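A short write-up of the structure that comes next.
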Amino acid sequence: MTSPVRQSGTRLIAAFIVAGVVILDAGTKIWAVAALSDGPTYLVHYSIGFVLARNTGAAFSLVSSATPFLAVLAIGATVVLARTVARASDKVLVVGLSLFLGGALGNLVDRLTRAPGFLRGGVIDFVKVGPWPLFNVADSAITIGAVLVVIAVIRDRPMKAVETEKST
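Quick note on my numbering: the sequence shown kicks off at 49 and runs consecutively.
This is how it looks when you write it as structure tokens:
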């Protein structure tokens, strides 16, 4: 069982990670809209650079006609993630879930506040790397968070199997 002091420290770390991702994501999107509205900026030929796009769909612009549904789904996911982070004690899991939650909130802010309106807003994507779809800081946080969650789960499984064998 985790002590209340340790649990509150874990929650504080999670809050800082979530807030950091949301603030960094919002700041970079403000920059992208201001700096890239007149056209893209490439750093390496046409492979790496910054290209402004508004994504009304899910990852890779899938189901772009279902933006309100995606926004409501994102609201539900953030509630579940926030509750899960609050109960988690494994450090890698807390960091992973916090990154994922921060990224989900960052993109949700766009869906709630950007044109064409509430629950229908397009998510600002602007980072271009090779042939992959455009992405943003929130997407990066979600991806890194998902990898950390998988690592935490995989790492934890052998320990539970060993504990079960010892108790029998």
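All C-beta atoms, glycine included, are put in the ideal place defined by N, C-alpha and C. The structure presented is a predicted model; accordingly, all values stated were derived computationally and were not measured.
### Query
Looking at C-alpha atoms only, which residue of 185, 78, 116, 111 is the closest neighbour of residue 66?
Here residue 66 is taken as the residue at index 18 of the sequence shown, counted from 1. That would be 185, whose Cα lies nearest to the Cα of residue 66.
### Message
Please identify the residue among 85, 146, 95 whose C-alpha is closest to the C-alpha of residue 191.
### Response
The residue given as residue 191 occupies position 143 in the sequence shown. Comparing Cα positions, the closest option is 146.
### Task
Check the DSSP bridge columns for residue 177 and list the partner residues they point to.
Position 129 of the sequence shown holds residue 177. For residue 177, the beta-bridge partners assigned by DSSP are 96.
### Query
Would DSSP call residue 171 helix, strand or coil?
Position 123 of the sequence shown, counted from the first residue, corresponds to residue 171. DSSP, reduced to helix, strand and coil, places residue 171 within a strand of the structure shown.
### Message
Can you find the residues in the same chain that come closer than 8 angstroms, C-beta to C-beta, to residue 125, ignoring five residues on each side of it along the sequence?
### Response
Position 77 of the sequence shown, counting from 1, holds the residue named residue 125. Contacts found: 152.
### Query
Can you name the residues that DSSP bridges to residue 89?
Here the question's residue 89 lines up with position 41 in the sequence shown. Answer by DSSP bridge pairing, in chain order: 98.
### Message
Just to check my reading of the structure: residue 178 and residue 56 have Cβ atoms closer than 8 angstroms, yes? What is that Cβ distance to the nearest angstrom?
### Response
In the sequence shown, residue 178 corresponds to position 130, counting from 1. In the sequence shown, residue 56 corresponds to position 8, counting from 1. At roughly 43 angstroms, the Cβ-Cβ gap does not stay under 8 angstroms, so residue 178 and residue 56 are not in contact.
### Helix, strand or coil at residue 259 according to DSSP, with G and I counted as helix
The question about residue 259 has no answer, for the chain in this structure spans 49 to 216.
### Query
Under 8 angstroms between the Cβ atoms of residue 134 and residue 59?
In the sequence shown, the residue the question calls residue 134 occupies position 86. In the sequence shown, the residue the question calls residue 59 occupies position 11. Yes, Cβ-Cβ distance for residue 134 and residue 59 is below 8 angstroms.
### Cβ neighbour criterion (16 or more within 10 Å) applied to residue 111
Here residue 111 corresponds to residue number 63 of the sequence shown, with the count starting at 1. When all chains shown are included, residue 111 counts as exposed.
### Message
Using 8 angstroms as the threshold, is the C-beta distance between residue 118 and residue 107 below it?
### Response
As a working mapping, residue 118 is identified with position 70 in the sequence shown. As a working mapping, residue 107 is identified with position 59 in the sequence shown. No, the Cβ-Cβ distance between residue 118 and residue 107 is not below 8 angstroms.
### Query
Do residue 138 and residue 80 have their CB atoms nearer than 8 angstroms?
Taking the first residue of the sequence shown as position 1, residue 138 is located at position 90. Taking the first residue of the sequence shown as position 1, residue 80 is located at position 32. For the 8 angstroms CB-CB criterion, residue 138 and residue 80 do not form a contact.
### Task
Please report how far the alpha carbon of residue 149 lies from the alpha carbon of residue 91, in whole angstroms.
Along the sequence shown, read from residue 1 onward, the residue named residue 149 stands at position 101. Along the sequence shown, read from residue 1 onward, the residue named residue 91 stands at position 43. So the alpha carbons of these two residues sit roughly 30 angstroms apart.
### Nearest-angstrom beta carbon gap, residue 183 and residue 195 [assumed within contact, 8 angstroms]
Translated into the one-based positions of the sequence shown, residue 195 becomes position 147. Translated into the one-based positions of the sequence shown, residue 183 becomes position 135. Going by Cβ atoms, the distance from residue 195 to residue 183 rounds to 15 angstroms, so no, they are not a contact pair.
### Task
Could you tell me which uninterrupted alpha helix (DSSP H) segments, each at least 4 residues in length, are contained entirely in the segment 96–144, listed from first to last along the chain?
Qualifying alpha helix (DSSP H) stretches, in chain order: 115–135.
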